[in-house]
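Only one structure is covered here, and it is reproduced in the block below.
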Amino acid sequence: MTESSGSAMPHRLIVSQLNPWVVLMLCLALAACSHWRDSYFDDGVGVLTQSDIKGKLGKPHIVKDPLLSDTTTWTYRFAMSESELDPSGVKALGKQAGSLMGGAQGGPREKVYCFMYVLTFDKEGILRHWERELCQIPQPPDPFQRGLSG
Numbered sequence: 004m005t006e007s008s009g010s011a012m013p014h015r016l017i018v019s020q021l022n023p024w025v026v027l028m029l030c031l032a033l034a035a036c037s038h039w040r041d042s043y044f045d046d047g048v049g050v051l052t053q054s055d056i057k058g059k060l061g062k063p064h065i066v067k068d069p070l071l072s073d074t075t076t077w078t079y080r081f082a083m084s085e086s087e088l089d090p091s092g093v094k095a096l097g098k099q100a101g102s103l104m105g106g107a108q109g110g111p112r113e114k115v116y117c118f119m120y121v122l123t124f125d126k127e128g129i130l131r132h133w134e135r136e137l138c139q140i141p142q143p144p145d146p147f148q149r150g151l152s153g
């Protein structure tokens, strides 16, 4: 009996030390997942042309082509839901698990975010740089900040 309990102890020690590493690796793997557009642009820097991108995404929403510059900037705007931003499907799995366990069926709706992809091309029309930014949404004025004396 003492031999089997003695050999079980090192096994538990290894498992307890392994758990934090497994959790860390899973977190890193999930963080590495990104939206397909991000991967498309990452892989396309120095390769993709304006016509390639226009064929994939359509006409850009904003084009800046200054006369005195060798670069052109295109801006695309996209609305993306939380599930689109979570390609690993972790949030969807959580919702499914909640519904299986008797959770509320009509939970809150997914948040939708507006993103701008700002693409910079050289004079030959090759993608040289890109950025993803949150759209700037103007805030309405706060009626409580105004004075009451008209």
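Residue numbers (the working numbering): 4 to 153.
For each residue, glycine too, the CB sits at the ideal point set by N, CA and C.
Exposed or buried, what is Leu-71 when buried is set at 16 or more other beta-carbons lying within 10 Å of its beta-carbon? The residue you call residue 71 lines up with position 68 of the sequence shown. Taking all protein chains in view, the Cβ of Leu-71 is surrounded by fewer than 16 other Cβ atoms within 10 Å, so the residue is classified as exposed.
Pick helix, strand or coil for Ile-140, following the three-state DSSP scheme. Counting from 1 along the sequence shown, the entry for residue 140 is found at position 137. Note: Ile-140 maps to coil in three-state DSSP.
Assuming Ile-65 and Thr-52 are in contact, meaning their beta carbons sit under 8 Å apart, how far apart are those beta carbons, in whole angstroms? Within the sequence shown, the letter at position 62 stands for residue 65. Within the sequence shown, the letter at position 49 stands for residue 52. In fact, because the Cβ distance is near 19 Å, the residues do not count as touching under 8 Å.
Grab the span of the beta strand (DSSP E) containing Ser-84 for me, first residue to last. The residue given as residue 84 occupies position 81 in the sequence shown. Unbroken beta strand (DSSP E) run through Ser-84: 75-84.
Is it right to say Ile-56 is buried, meaning 16 or more other beta carbons lie within 10 angstroms of its own, or is it exposed? For the purposes of this step, residue 56 is identified with residue 53 of the sequence shown, where counting begins at 1. By the C-beta density criterion, Ile-56 is buried, having at least 16 other C-beta atoms within 10 angstroms.
So is Gln-142 buried or exposed if we call it buried at 16+ other beta carbons inside 10 Å? Numbered from 1 along the sequence shown, position 139 holds the residue referred to as residue 142. Exposed, since its Cβ has fewer than 16 Cβ neighbours within 10 Å.
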